[in-house]
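Single-structure report; data block below.
2 protein chains.
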Amino acid sequence: MDIIFIGAGNLATHLSQAFQQAGHRVLQVFSRTEESASRLAALLDCLSTTDVTDVLPEAEVYFLCVRDAVLQELASRLYAHLRKIALTGNPRRGAGALFLHTAGSMSLDVLPMLRRGVFYPMQTFTKSRPVDFSQVPIFLESQTDMRLMELLARALSQQVYHLDGESRRYLHLSAVFACNFVNHMYDLSARILEAHDIPFRVMYPLIDETAQKVHSLSPREAQTGSAVRYDKNVMQRHLDLLADDPSMQEIYKLLSRSIHDKL
Amino acid sequence: MDIIFIGAGNLATHLSQAFQQAGHRVLQVFSRTEESASRLAALLDCLSTTDVTDVLPEAEVYFLCVRDAVLQELASRLYAHLRKIALTGNPRRGAGALFLHTAGSMSLDVLPMLRRGVFYPMQTFTKSRPVDFSQVPIFLESQTDMRLMELLARALSQQVYHLDGESRRYLHLSAVFACNFVNHMYDLSARILEAHDIPFRVMYPLIDETAQKVHSLSPREAQTGSAVRYDKNVMQRHLDLLADDPSMQEIYKLLSRSIHDKL
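Top line first, the protein sequences correspond to chains A and B.
Counting from 1, position 29 in the first sequence corresponds to residue 29 in my numbering; the numbering is continuous, with no gaps.
Offset between the second sequence (1-based) and my numbering: plus 263.
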């Protein structure tokens with residue numbers, strides 16, 4: 001299929017390359033900044049633009065991979081532009097194409113188009129790291145084009161799910177806990193070690209086993225440590241060690257209490 | 264070497280079997296409960312007891328793998344018992360043996376013995392999961408027996424470090440963040456999914472990649488998401504979804520603010 005990417009961030013970079021490798025054709029990349037647009041277009045060997053009114057009408061699918069805050073407005077401008085062209089051009093594409101956004105926390109309704117869907121690959125994407133899409137679960141929502149979206153998703157991943165917008169909002173929230181907040185715990189751990197000249201790499205085996213454990217035990221069953229036992233001596237000693245960082249003390253107290261209360 | 268284990272919990276179970284597989288001999292297991300003592304003794308094909316005054320004086324090394332709260336008192340009782348025997352028995356062992364505790368947050372000084380050390384394998388141990396000790400970092404402290412402890416540790420692991428008690432306390436605190444608090448984030452994630460009939464296994468790829476990423480990027484560099492951007496719209500929508508759980512709302516707010524403040 002002929003695809004155009006609106007956005008050139010981490011997700012657009014990985015997703016567009018994955019589609020290209022799966023045999024689809026990326027015609028053009030739009031980004032607000034010239035540098036991002038050219039960089040991704042060079043990787044894909046396709047056209048680029050920084051002007052919405054230069055977005056080509058020829059694509060069968062438009063992927064909108066932009067920040068939540070600008071998604072709705074950009075979708076409106078894109079649609080207005082393509083409808084204008086449609087009055088004089090090929091009616092099967094352009095405004096009549098399929099429009100997909102990739103934002104887990106956003107409703108399908110932010111897209112004003114007739115043929116629209118949400119295509120949410122749930123993973124943490126970093127430009128510098130390769131992504132194996134075959135292991136990335138993709139969550140789909142559409143009232144008009146589920147079959148076509150399935151084809152697109154299955155070209156990339158073994159794990160394709162249908163999920164309505166309400167459930168997807170909770171899924172996205174759940175991912176904030178399992179990814180962003182987890183990563184912040186790693187960061188706080190790294191800061192404690194750094195202050196005492198201990199290299200963070202000593203944590204890798206513990207980090208990996210903690211992640212692996214919840215593949216076979218529920219997180220609740222997997223929990224160990226002083227917070228489970230609510231061992232006040234250990235907890236007070238830990239709080240004393242954090243005396244110079246009230247914010248970390250507060251996090252320590254709140255999470256210890258939550259572990260204990262939720263058991 | 265001839266080893267006796269005081270304690271029969273998760274760590275004692277894994278550690279004693281690993282030493283046996285490495286060619287050392289476990290003579291006896293002590294546990295306060297008959298069931299735990301017999302269970303581990305059966306695994307090791309060795310003696311067991313639930314009475315400190317029945318602990319044999321023949322070992323060269325005694326491993327104390329018990330809860331922090333009971334460690335000091337149990338060490339005292341064990342030492343009193345072995346000194347009593349030493350008055351009439353073999354002076355090279357018993358009270359003259361090497362005593363090691365495995366508690367990351369406890370001082371070396373909780374052991375009253377002359378030959379003593381801390382042998383801290385930093386990993387999360389669950390009885391039902393096999394442990395590959397070769398990948399477990401072991402942290403050693405002793406004023407009297409470092410060479411012998413190195414031999415014991417290197418029989419199990421490639422990663423053996425010397426670490427003083429002060430630094431080890433911070434290491435242990437850091438592990439609470441990287442393991443127990445991380446696991447609690449998994450638990451909160453699982454609870455959100457469960458309430459919306461989404462299986463937790465959809466999170467595995469995200470959980471695994473989040474853990475893998477910090478092997479090559481610092482956690483700070485690896486961070487993504489709405490808290491980094493401090494996207495108040497997304498954050499408010501998430502808080503609304505958590506309206507029926509004020510404790511999770513509080514955690515969400517505190518961690519989002521901390522991610523933003525620590526950048």
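We put the CB at the ideal spot given by N, CA and C, even for glycine.
In this text, all values refer to a predicted model and were calculated from it rather than measured experimentally.
Minimum C-alpha distance to residue i - residue among the options
{"i": "B:ALA304", "options": "B:VAL324, B:LEU505 and B:HIS277", "result": "B:HIS277"}
{"i": "B:SER452", "options": "A:HIS260, A:VAL214 and A:ASP68", "result": "A:VAL214"}
{"i": "B:LEU345", "options": "B:HIS447, B:LEU334, B:TYR325 and B:GLN335", "result": "B:TYR325"}
{"i": "B:ASP507", "options": "B:LEU469, B:ILE522, B:ALA458 and B:PRO462", "result": "B:ALA458"}
{"i": "A:VAL136", "options": "A:TYR186, A:LEU151, A:GLY7 and A:LEU156", "result": "A:LEU156"}
{"i": "B:PRO462", "options": "A:LEU163, A:VAL228 and A:ARG147", "result": "A:LEU163"}
{"i": "A:ARG32", "options": "A:THR49, A:PHE19, A:GLN21 and A:ALA22", "result": "A:THR49"}
{"i": "A:HIS101", "options": "A:ASP240, A:VAL202, A:ALA12 and A:LEU217", "result": "A:ALA12"}
{"i": "A:PHE19", "options": "A:THR210, A:PRO121 and A:LEU71", "result": "A:PRO121"}
{"i": "A:ASP197", "options": "B:GLN406, B:SER437 and B:ASP460", "result": "B:SER437"}
Alpha helix (DSSP H) segment containing residue i, residue limits
{"i": "B:PHE444", "result": "Per DSSP, B:PHE444 belongs to no alpha helix (DSSP H) and is neither H nor E."}
{"i": "B:ILE522", "result": "509-525"}
{"i": "B:TYR467", "result": "467-476"}
{"i": "A:ASP68", "result": "68-86"}
{"i": "B:PHE402", "result": "B:PHE402 -> not in any alpha helix (DSSP H); beta strand (DSSP E) instead, spanning 401-404."}
{"i": "B:PHE282", "result": "273-284"}
{"i": "A:ARG169", "result": "165-175"}
{"i": "B:LEU480", "result": "Unbroken run through B:LEU480: none, as it is neither H nor E."}
Short Cβ contact (8 Å threshold) for residue i with residue j
{"i": "B:PHE382", "j": "B:MET412", "result": "yes"}
{"i": "B:GLN280", "j": "B:LEU307", "result": "yes"}
{"i": "A:VAL66", "j": "B:HIS501", "result": "no"}
{"i": "B:GLY367", "j": "B:HIS435", "result": "yes"}
{"i": "B:SER391", "j": "B:GLN421", "result": "no"}
{"i": "A:HIS184", "j": "A:TYR230", "result": "no"}
{"i": "B:PHE402", "j": "B:ARG431", "result": "yes"}
{"i": "B:GLN475", "j": "A:ASP187", "result": "no"}
{"i": "A:GLU141", "j": "B:GLN386", "result": "no"}
{"i": "A:LEU98", "j": "A:ASP132", "result": "no"}
{"i": "B:TYR433", "j": "A:LEU241", "result": "yes"}
CA-to-CA distance, residue j to residue i, given in whole angstroms
{"i": "B:LEU290", "j": "A:PRO130", "result": "51 Å"}
{"i": "A:VAL110", "j": "A:PHE5", "result": "17 Å"}
{"i": "A:MET113", "j": "A:GLU60", "result": "13 Å"}
{"i": "B:GLY359", "j": "B:ARG378", "result": "7 Å"}
{"i": "A:ARG220", "j": "A:ILE3", "result": "43 Å"}
{"i": "A:THR53", "j": "B:LEU469", "result": "36 Å"}
{"i": "A:HIS24", "j": "A:MET1", "result": "5 Å"}
{"i": "B:SER370", "j": "B:LEU341", "result": "18 Å"}
{"i": "B:LYS495", "j": "B:SER510", "result": "20 Å"}
{"i": "B:GLU298", "j": "A:GLN249", "result": "39 Å"}
{"i": "A:LEU47", "j": "A:VAL29", "result": "6 Å"}
{"i": "B:LYS546", "j": "A:ALA69", "result": "Here chain B covers residues 264 to 526 and nothing more, so residue 546 of chain B does not appear."}
{"i": "A:VAL234", "j": "A:ALA227", "result": "9 Å"}
{"i": "A:CYS179", "j": "B:TYR467", "result": "11 Å"}
{"i": "B:LEU517", "j": "B:GLY272", "result": "35 Å"}
{"i": "B:ILE455", "j": "A:GLY165", "result": "15 Å"}
{"i": "B:ARG417", "j": "B:GLU321", "result": "23 Å"}
{"i": "B:ASP314", "j": "B:THR351", "result": "20 Å"}
{"i": "A:ARG39", "j": "A:GLY7", "result": "12 Å"}
{"i": "B:GLY357", "j": "B:LEU327", "result": "14 Å"}
Host beta strand (DSSP E) of residue i (start-end)
{"i": "B:GLY546", "result": "In the structure displayed, chain B extends from 264 to 526; residue 546 of chain B sits before or after that span and is not available."}
{"i": "B:VAL318", "result": "Where B:VAL318 is concerned, there is no enclosing beta strand (DSSP E), given that its DSSP letter is neither H nor E."}
{"i": "B:LEU361", "result": "361-364"}
{"i": "B:TYR493", "result": "No beta strand (DSSP E) contains B:TYR493, which DSSP labels as neither H nor E."}
{"i": "A:PHE5", "result": "2-6"}
{"i": "A:SER48", "result": "47-49"}
Per-residue contacts from residue i into chain D (C-beta, under 9 Å)
{"i": "B:ILE401", "result": "Considering every chain present, this structure includes no chain D. Its protein chains are A and B."}
Neighbour flag for residue i against chain B, beta carbons, 8 Å
{"i": "A:HIS260", "result": "no"}
{"i": "A:CYS65", "result": "no"}
{"i": "A:SER218", "result": "yes"}
{"i": "A:LYS127", "result": "no"}
{"i": "A:ASP244", "result": "no"}
{"i": "A:ILE251", "result": "yes"}
{"i": "A:ALA153", "result": "no"}
{"i": "A:GLN135", "result": "yes"}
{"i": "A:GLN123", "result": "yes"}
{"i": "A:GLU73", "result": "no"}
Beta carbon proximity, residue i to chain A, threshold 8 Å
{"i": "B:HIS447", "result": "yes"}
{"i": "B:CYS442", "result": "yes"}
{"i": "B:GLY488", "result": "yes"}
{"i": "B:TYR433", "result": "yes"}
{"i": "B:MET264", "result": "no"}
{"i": "B:MET412", "result": "no"}
{"i": "B:PRO468", "result": "yes"}
{"i": "B:SER294", "result": "no"}
{"i": "B:THR473", "result": "yes"}
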